[in-house]
Amino acid sequence: MNVSYRGLVAVSNIIQRDATLAYRVKRHRRQELFRQFRQAEPR
Numbered sequence: 001m002n003v004s005y006r007g008l009v010a011v012s013n014i015i016q017r018d019a020t021l022a023y024r025v026k027r028h029r030r031q032e033l034f035r036q037f038r039q040a041e042p043r
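Following the UniProt record's numbering, the numbering of the sequence shown begins with 1 at its first residue and continues without gaps.
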């Protein structure tokens with residue numbers, strides 16, 4: 001039981017880290033697109 005619990009915690013940690021990384025990448029890409037859009041917009 002202890003081993004399975006440890007494995008479950010490890011898997012949940014990996015999933016959480018992947019989700020956080022994906023969210024960070026998505027937010028960074030959105031900021032880059034927004035910056036390009038504002039640069040292309042004539043003033």
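Where a beta carbon is used, it is the ideal one built from N, C-alpha and C, also for glycine.
All figures in this text were calculated on a predicted structure; none of them were measured in a lab.
Delimiting residues of the alpha helix (DSSP H) encompassing residue i
i     : result
Glu32 : Asn2 to Ala40
Cβ of residue i within 8 Å of any chain C Cβ
i     : result
His28 : This model lacks chain C altogether, as it is built from one protein chain only.
Sequence-distant residues of its chain with Cβ nearer than 8 Å to residue i (five each side left out)
i     : result
Arg38 : none
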